[in-house]
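Have a look at the structure below, then the notes.
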Amino acid sequence: MPNLGHPIETLAVMLQNSDAKPLVVPSRLAPSAIYDVEYRTAVIALLFKEFAKPFGPAGHRRISVARLKLLQFVTLRPWLLPAIREWSRGTSQGSLGFVPSIRIRRGFLSDTAHDDVINFLVACGIFARQEKHLVSGEKAHTLSEIAKSTETHKLFEGEQKVILELTSVKLTDSMMEGW
Amino acid sequence: MGTVQSLIDEYAQSLAALSGNDFQVEVCARLQAFILGFQTVPANPHGDGGLDAFSHHGERGYCCFGPEHDKFKTNRQREAAIVDKFKGDLRRLFELEFENKVLKVSESPEMATILPDGRKINHIELLVNWFESHRILNPILSAAEEYGTVSKCRYVEQAATVIVVGPKQLANQYAVDELTIARARQRVFIQKVQKKAELVTLGSTDKFDLKLGVLKEVAPTQVEAIDALWRELQMAWRMALAFEQELDETLPNLHRVFEANRHRILTRVSQLMVGSGKPWTELERATQIASEILGKDFEKLYGALIQDVSSGEIARLIGECPVGWEKPVTDA
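Chains A and B, in that order, are what the protein sequence lines are.
The first sequence begins at 8 in this note's numbering and counts up one residue at a time.
The second sequence begins at 766 in this note's numbering and counts up one residue at a time.
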């Protein structure tokens, strides 16, 4: 990659010497969806529906906190799918090497935006914490409705495809090690 | 114990992942931390005489080589390149060169200005980012012995020892602490961003290209310069996207900070342009504004990238629409 010059300065000088009329519309730049709580909630709802297991006689369902965090991390970043497959197969388990495993692990562990959304959902009564698991809370039906609505209206189809792919990837205990 | 080994492995892998100047800079930084009197030799403007660094009052010499990883199709080609490079370095240290395939003495004017007076190198370490084959040893070590017999040995002892040191050996030689790992991760991050920037595909560029068309219409005499400028803007934009993607994958917390900074850049640049009678003059300062904003959070870690990422962020504002231009409206 060659070092860049000063393209913006060059462009500005070019425009100064022309009679071009400036247009500035800040609202045209959409913020990143990755920090949208509704978007993240929808992804969590889809993942919980697909991966949570029945728990207890009262019809609750639960999922490991770490598992959900890793799953959502990859769902939001579909280009990491090959890396997570490789990690799952164990071919790149070179301890703490510069291999996909450590890069993904470092990434999903420091994804505090997800933690914030989970805290919000716990506060809303959608989830309840149980040691290293998240259990469906008294208002968990809201999450089911979000998942159903997302599927019915064919929203986030890319993410839904990734979730389908993730069902064939085995997330081993060693991938969650240290958690 | 396992953790210590993990750190050593991680560092060895990071060294192996580096190439070119990045590899040399990292190796020198590491050795400088552990060897008192470790002296690097700048290659510019007069050349380094084949010596990248020395220590022990000039009695130990160091030569580095970090070939690009995708430059060779086979290990045999890589081995040949490593042998050629180090034999070349040794010939320069021994002040030799080939004339019609015959080794001749060729005095180096620079060596006298590098080593302390009266000192000769008696041990040479050849540091390389790939040492997975013993087949490089014989040709290099045999050449060193041959050069010793032909050379006048003004700066290297005839019986100087020569060893090849790869990433694993270097990682095991001295303690690997968190600072070393952080530095290695940082270098790998920067290299990954630069490589990724070459591959990133820009999404829809229709509106960006539309602006290109308008610019060519309002500055018809500069069409070629505009095309060149456009390529540069796209490159900058890709760099910003690669930086963002790498942060998102490996350091989501910093990605969050970056996203907030992007918003600040947009607000500042828009405010200045809208509120100014000379908006294009303000655009000229936009990269500087972006650098100032990004610098507060990223300068210490990724200072080398900030200028390019800042240009890229402004290019993104143009590409994704907030900043644009149109032809002037004429009464006719």
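Just so it is clear, CB atoms sit at the ideal spot from N, CA and C, and this is done for glycine as well.
The straight-line gap separating the alpha-carbon atoms of T945 (chain B) and A794 (chain B) is approximately 9 Å. Scanning A:V124, A:L150, A:N126, A:V81 for the CA closest to the CA of L171 (chain A) turns up A:V81. Within the segment 783–800 of chain B, no residue has a Cβ lying closer than 9 Å to any Cβ of chain A. By the C-beta density criterion, K836 (chain B) is exposed, having fewer than 16 other C-beta atoms within 10 angstroms.
Interface residue (Cβ-Cβ distance to chain B less than 8 Å): T82 (chain A) is not classified as such.
In the three-state DSSP reduction, T174 (chain A) falls in the coil class, being neither helix nor strand. Here I133 (chain A) is not near I1079 (chain B), since their CB atoms are 8 Å or more apart.
Boundaries of the alpha helix (DSSP H) harbouring L902 (chain B): 902–915, taken from the DSSP string.
Secondary structure of C828 (chain B) (DSSP, three-state): strand. Judged by DSSP secondary structure, P29 (chain A) falls outside any alpha helix (DSSP H) and instead within the beta strand (DSSP E) spanning 28–31. Taking the beta carbon of K1092 (chain B) as reference, the chain A residues within 9 Å of it are D26, A27, K28, listed in sequence order. The beta-carbon of M183 (chain A) is placed no less than 8 Å from the nearest beta-carbon of chain B.
In the DSSP annotation of this structure, the continuous segment of the alpha helix (DSSP H) that includes H1028 (chain B) starts and ends at 1017–1040. Here L891 (chain B) is near V930 (chain B), since their CB atoms are less than 8 Å apart. With distances taken between CA atoms, I889 (chain B) lies nearest to B:E922 out of B:E922, B:L861, B:P904, B:S1035.
Among the residues of chain B, those whose CB is under 7 Å from the CB of S39 (chain A) are E1024, following chain order. Runs of the beta strand (DSSP E) lying entirely within the segment 117–182 of chain A, each at least 3 residues long, are 134–137, 140–143 in chain order.
Contact residues of the segment 1062–1085 of chain B toward chain A are Q1072, D1073, S1075, S1076, G1077, I1079, A1080, R1081, L1082, I1083, E1085 (C-beta to C-beta distance below 9 Å).
With respect to L861 (chain B), K850 (chain B) sits apart: the two C-beta atoms are not nearer than 8 Å. Contact with chain B is found for P14 (chain A), since one of that chain's Cβ atoms lies less than 8 Å from the residue's Cβ. At a cut-off of 8 Å between beta carbons, T1015 (chain B) contacts chain A.
Non-local C-beta neighbours of M183 (chain A) in its own chain, meaning closer than 6 Å and more than five positions away in sequence, comprise A73, ordered along the chain.
In chain A, no part has a C-beta under 9 Å from the C-beta of S1056 (chain B); the shortest such distance is about 11 Å. Interface annotation, S117 (chain A): in contact with chain B, CB-CB separation under 8 Å.
Assignment of alpha helix (DSSP H) within the segment 947–985 of chain B, counting only whole runs of 4 or more residues, yields 971–983 in chain order. If you draw a straight line from the Cα of V867 (chain B) to the Cα of H899 (chain B), it comes to about 27 Å. When C-alpha distances from A798 (chain B) are compared across B:E982, B:V941, B:L1006, B:E872, the shortest belongs to B:V941.
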